[in-house]
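A quick write-up on the structure given underneath.
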Amino acid sequence: MADNSRFDHDLVLAHKFPETTFTYTERDAAVYALGVGACGRDAIDSDELKYVYHENGQQFVQVLPTFAALFSLGSLTNGSIDLPGLQYDPRLLLHGQQYIQIYKPFPSSASLINKVSLAGLHDKGLYSLAENLLIEQPTGDYVFISSKAAILELETKSYEKQSGELLCMNRSTIFLRGAGGFSNSSHPYSYSNYPENQAAAPKIPKSQPFAVFEDCTQPSQAFRAVIKCTCRGDANIIKTISGRFLLHVYPGETLITEMWLEGSRVIYQAKVKERNRAVLSGFVELHVTPSL
1 MADNSRFDHD LVLAHKFPET TFTYTERDAA VYALGVGACG RDAIDSDELK
51 YVYHENGQQF VQVLPTFAAL FSLGSLTNGS IDLPGLQYDP RLLLHGQQYI
101 QIYKPFPSSA SLINKVSLAG LHDKGLYSLA ENLLIEQPTG DYVFISSKAA
151 ILELETKSYE KQSGELLCMN RSTIFLRGAG GFSNSSHPYS YSNYPENQAA
201 APKIPKSQPF AVFEDCTQPS QAFRAVIKCT CRGDANIIKT ISGRFLLHVY
251 PGETLITEMW LEGSRVIYQA KVKERNRAVL SGFVELHVTP SL
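Numbering follows the UniProt record's numbering, with no gaps: position 69 of the sequence shown is 69.
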């Protein structure tokens with residue numbers, strides 16, 4: 001549990017994260033695509049086969065945009081974040097939200113340099129009744145967790161090592177249970193350089209979705225659904241991706257992704273069919289307004 005004596009405002013803001021590297025090959029990109037369900041239903045689906053295989057050689061294989069979420073893993077030390085001035089229990093760390101901005105298509109293989117910075121830190125104090133954490137158990141029962149919390153936002157910019165070009169930017173929102181309560185309760189500490197239009201979670205429209213995609217895989221299926229149903233298989237028109245993790249998914253469960261189009265923005269929500277519970281929501285911003 002955090003306390004005021006362990007929080008050093010100046011030390012947190014002054015901390016410089018070390019640069020990290022991330023190297024991937026054509027095989028890594030293809031295995032990732034297979035892992036999130038590409039070609040799972042149709043082994044020769046032209047919209048998805050290009051992420052797994054190319055007849056002229058794997059150096060021409062394309063990379064799914066969500067592969068970028070892996071680039072920032074080098075910022076973690078044994079699964080936790082080393083941030084002097086803030087004490088927390090790494091066992092209580094939860095990944096709450098991910099935002100990705102893409103500047104150019106990813107090469108089939110690359111060595112990257114990651115530059116990490118603090119994008120936000122918020123003392124949420126004691127959860128309100130509505131914010132208390134409910135953990136659903138396999139039995140269907142719920143465990144009620146009441147604690148103090150802090151929210152940490154990290155920004156990672158990934159540059160191609162050879163050319164120096166900026167490929168993408170990740171912003172990861174991390175929920176630190178038990179780490180809140182380190183500031184004055186009447187004036188809780190909050191620091192952020194996170195733009196409002198990127199931080200806000202979109203409201204799920206009440207109208208019928210224009211597309212519904214069903215598959216038995218993991219939450220990354222939602223982005224495959226957007227590529228297939230909205231981008232007509234062309235992932236290069238994706239500008240930004242935002243996803244908020246709402247609930248866990250058990251292996252073998254069926255995910256249904258619903259999509260709504262608002263101009264050049266696709267709002268999506270993924271539900272578990274067997275439990276009728278939303279597990280992921282967010283939006284994908286496109287460079288162009290698609291014609292459906």
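Glycine residues also receive a C-beta, built at the ideal position from the N, C-alpha and C atoms.
Sorted by chain position, which residues of the same chain lie with C-beta nearer than 6 Å to His287's C-beta, five sequence neighbours on each side aside? Non-local C-beta neighbours of His287 in its own chain, meaning closer than 6 Å and more than five positions away in sequence, comprise Ile237 and Lys239, ordered along the chain.
Going by the CB atoms, is the gap between Ser117 and Glu55 shorter than 8 Å? No, Cβ-Cβ distance for Glu55 and Ser117 is not below 8 Å.
Assign Leu247 to one of three DSSP states: helix, strand, or coil. DSSP places Leu247 in the coil class of the three-state scheme, outside both helix and strand.
Taking Cβ to Cβ, would you say Ile81 is nearer than 8 Å to Glu19? Contact check for Ile81 against Glu19 fails: the beta carbons are separated by 8 Å or more.
Going by alpha carbons, who is nearest to Leu86 out of Asp123, Gly40 and Asp45? Relative to Leu86, the option among Asp123, Gly40 and Asp45 whose CA is nearest is Asp123.
State the DSSP-derived secondary structure class of Tyr268, mapped to helix, strand or coil. Here Tyr268 sits in strand by DSSP.
Taking the C-alpha atoms as reference points, what is the distance between Ser281 and Tyr268? When rounded, the separation of the alpha-carbon atoms in Ser281 and Tyr268 is 6 Å.
Are the Cβ atoms of Ala149 and Leu176 separated by less than 8 Å? Yes; because the gap between Cβ atoms is below 8 Å, this pair is in contact.
Which of the three DSSP states, helix, strand or coil, is assigned to Cys231? DSSP places Cys231 in coil when its eight states are reduced to three.
Counting C-beta neighbours from all protein chains within 10 Å, is the total for Ala130 16 or more, i.e. buried, or is it exposed? Here Ala130 scores only 41 on pLDDT, less than 50, and its place in the model should not be relied on; the value that follows carries that caveat. Classification of Ala130: exposed, given that the 10 Å Cβ count is below 16.
With respect to the beta strand (DSSP E) encompassing Glu165, which residues constitute its N-terminal and C-terminal limits? For Glu165, there is no enclosing beta strand (DSSP E), as DSSP marks it with neither H nor E.
Host alpha helix (DSSP H) of Ala38 (start-end): Here Ala38 belongs to no alpha helix (DSSP H), and DSSP marks it neither H nor E.
7 Å CB neighbourhood of Leu11 in its chain, flanking five on each side removed: Cβ within range, chain order: Pro84 and Gly85.
Under 8 Å between C-beta atoms of Arg171 and Ala119: The answer is yes: Cβ separation under 8 Å.
Hey, would you say Leu152 sits closer than 8 Å to Glu160, going by beta carbons? Note that the C-beta distance between Leu152 and Glu160 is not below 8 Å.
Candidates His248, Ser183, Gly180 and Val266: closest to Gly96 by CA position: Among His248, Ser183, Gly180 and Val266, the Cα nearest to that of Gly96 is on His248.
Considering only the alpha carbon of each residue, which of Tyr191, Cys231 and Gly263 lies closest to Leu13? Ranked by Cα distance from Leu13, the first of Tyr191, Cys231 and Gly263 is Tyr191.
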